[in-house]
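Below: the structure, in structure tokens.
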Amino acid sequence: MRVLIVGSGVVGATIAYELSENDAFEITVVDAQPGPVVADAAVCATSTEAALGVLMAAIAKKEKGRNLKMRLAGVDWYDRVIPDLIESTGLEIPYNRQGILMLQYQSDRFEADRRLWESLAKVRPSQNRRLEIWYPNQIRSVCPQIAMPGSRVWGAVYSPDDRQVHPAKLTQALVQSAQERGVKFEFGTQVLGLVGGKNPGVQTAAGGIKADVVVVSAGLGSAAMAQTIAKAGAKPGLDLKLRPVLGQAIQVRMAEPIGTMGFQPVITGNDIHLVPVNQDPENLDYWVGATVEFGPEASTADLVPDSSAFESLWTQACEMIPALKSATKVRQWNGVRPRPIDRPAPVIEWAAENSKILLATGHYRNGVLLAPATAIEVRSRLEAIGF
Ligand SMILES: Cc1cc2nc3c(=O)[nH]c(=O)nc-3n(C[C@H](O)[C@H](O)[C@H](O)COP(=O)(O)OP(=O)(O)OC[C@H]3O[C@@H](n4cnc5c(N)ncnc54)[C@H](O)[C@@H]3O)c2cc1C
Numbered sequence: 079m080r081v082l083i084v085g086s087g088v089v090g091a092t093i094a095y096e097l098s099e100n101d102a103f104e105i106t107v108v109d110a111q112p113g114p115v116v117a118d119a120a121v122c123a124t125s126t127e128a129a130l131g132v133l134m135a136a137i138a139k140k141e142k143g144r145n146l147k148m149r150l151a152g153v154d155w156y157d158r159v160i161p162d163l164i165e166s167t168g169l170e171i172p173y174n175r176q177g178i179l180m181l182q183y184q185s186d187r188f189e190a191d192r193r194l195w196e197s198l199a200k201v202r203p204s205q206n207r208r209l210e211i212w213y214p215n216q217i218r219s220v221c222p223q224i225a226m227p228g229s230r231v232w233g234a235v236y237s238p239d240d241r242q243v244h245p246a247k248l249t250q251a252l253v254q255s256a257q258e259r260g261v262k263f264e265f266g267t268q269v270l271g272l273v274g275g276k277n278p279g280v281q282t283a284a285g286g287i288k289a290d291v292v293v294v295s296a297g298l299g300s301a302a303m304a305q306t307i308a309k310a311g312a313k314p315g316l317d318l319k320l321r322p323v324l325g326q327a328i329q330v331r332m333a334e335p336i337g338t339m340g341f342q343p344v345i346t347g348n349d350i351h352l353v354p355v356n357q358d359p360e361n362l363d364y365w366v367g368a369t370v371e372f373g374p375e376a377s378t379a380d381l382v383p384d385s386s387a388f389e390s391l392w393t394q395a396c397e398m399i400p401a402l403k404s405a406t407k408v409r410q411w412n413g414v415r416p417r418p419i420d421r422p423a424p425v426i427e428w429a430a431e432n433s434k435i436l437l438a439t440g441h442y443r444n445g446v447l448l449a450p451a452t453a454i455e456v457r458s459r460l461e462a463i464g465f
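Just so you know, the sequence shown maps onto residues 79 to 465 in the working numbering.
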């Protein structure tokens, strides 16, 4: 079966890698960018280049359901695949296995929150995960970098089985490994339209490309592409609308480690993450992010980073971790997340009945985490068609 994947961000690259395990698929990936995603870019052309790679699975506030299953499957997949990728490509993929510590703040929902976390901590072992509830004394002794006096922190939830990965380096390794397994990548190829019907394909400036199935994993570019099938007169299918949501983040360097060198989990509070990214004693770097800025629907045109949103992010981060006040700025960036309108993220649906065009997109804030489960679902849907 000839499979054409549009988009080689983390979602498209993960799909290509997963499908390449089955020799029955002859896979081509096309992407408008001149090459694979760029690591540590100052200007992010794709969501993947901007992402922090925090994998919030067991620490999601969900007891069960499809979304939780997808999250847990993501971490399981990375635990299995990342060592293979490092070995087969020789590339470095920073993967933090020290878990996520999420601060909990006083609010009018505080008692309900505490009960929910206690109940999740009881459920997680049956899902092969652990969750611990820490109270202020434990936070102070294990993570002295977190400001507690006078703060509204009533405790924290520690999820030792959650992870963080460098999204762009991961994606580069997925692309390289998929190439070694026979997947063809055509960079610098912008898709202008999709062709539905019995002989699906895409239109590009250099002409058409045919396939048996087209998988659209083009992030924010997916919505405009999906409109072209409707325009081409195919049966009305799924009306895909995506809204760009901007996020700003910063990389800083410290003269000394924040907290204990031997214990460097991701620390998160009020939706702000402190992500250790470099444990080299000469260059102790951390990412801090990200803002969540809504722009006008379905357009990135007027979406510019709001400096006051960034100031507020940085002020809150310094209140949480006062040591950050002595940090030196290394890099500041922003990117946009693809958020589906009127439907939950992600969207994994046939574009129209019998269209042989599968949408695998709209991963919003968790595309790195949800890419593996997306790829597994795409693979099982394609295998179900038969060859
Ligand atoms: C600041 C920020 C922080 C984030 N942090 C996290 C996090 O901690 N954890 C997490 O899981 N997620 C995080 N995310 C979300 C995550 O980045 C996205 O959900 C994910 O990267 C989406 O991946 P994608 O492959 O669908 O899209 P993209 O990475 O945008 O890739 C889409 C690809 O499609 C190509 N394309 C588009 N249109 C066309 C066309 N017409 N023709 C050819 N190619 C085309 C593009 O060139 C691009 O390479 C964050 C996002 C941001 C912005």
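All C-beta atoms in this analysis are idealised placements derived from N, C-alpha and C, irrespective of residue type, glycine included. Keep in mind the model is a prediction, meaning the values are calculated, not measured.
Taking C-beta atoms as the reference points, Gly413 and Gly325 count as a pair closer than 8 Å. The alpha-carbon of Thr106 is positioned some 28 Å away from that of Leu150. Nearest to Thr267 by C-alpha distance, out of Gly113, Met332, Val291, Asn100, is Gly113. At a threshold of 7 Å, His441 counts as near ligand 1, since its beta carbon sits closer than that to one of the ligand's heavy atoms.
Scanning its chain for C-beta atoms nearer than 6 Å, with the 5 sequence neighbours on each side dropped, one finds around Gln250 the residues Pro114, in chain order. Close CB contacts of Pro245 within its chain, under the 7 Å cut and outside five residues either way in sequence, are with Val88, Thr126, Ala129, Gly131, Val446 (chain order). When the alpha-carbon of Asn432 is set against those of Gly337, Ala327, Pro359, Val273, the nearest one is in Val273. Uninterrupted alpha helix (DSSP H) stretches at least 4 residues long and entirely within the stretch 212 to 247 occur at 214 to 220, given in chain order. Rounded to the nearest whole angstrom, the CA to CA distance from Leu298 to Ile160 is 26 Å.
Per DSSP, the continuous beta strand (DSSP E) segment holding Pro322 begins and ends at 320 to 332.
Taken through DSSP and simplified to helix, strand or coil, Asp363 comes out as strand. At the C-beta level, Leu362 and Arg409 stay beyond 8 Å of one another. Annotation for Ala395: Ile350, Leu352, Val366, Leu402 place their beta carbon closer than 8 Å to its own, counting only its chain and skipping 5 residues before and after. Per the DSSP secondary-structure output, Trp411 pairs in a beta bridge with Ala327. Judged by beta-carbon spacing, Tyr173 lies beyond the 8 Å limit of Arg230, meaning their Cβ atoms are not closer than that value. Using a Cβ distance threshold of 8 Å, Val280 and Ala438 do not count as a contacting pair. Taking the Cβ of Gln223 as the reference point, every heavy atom of ligand 1 lies at 7 Å or farther away. The residues Gln176, Val220, Cys221, in chain order, have a CB closer than 8 Å to that of Phe341 in the same chain once the five nearest residues on each side in sequence are set aside.
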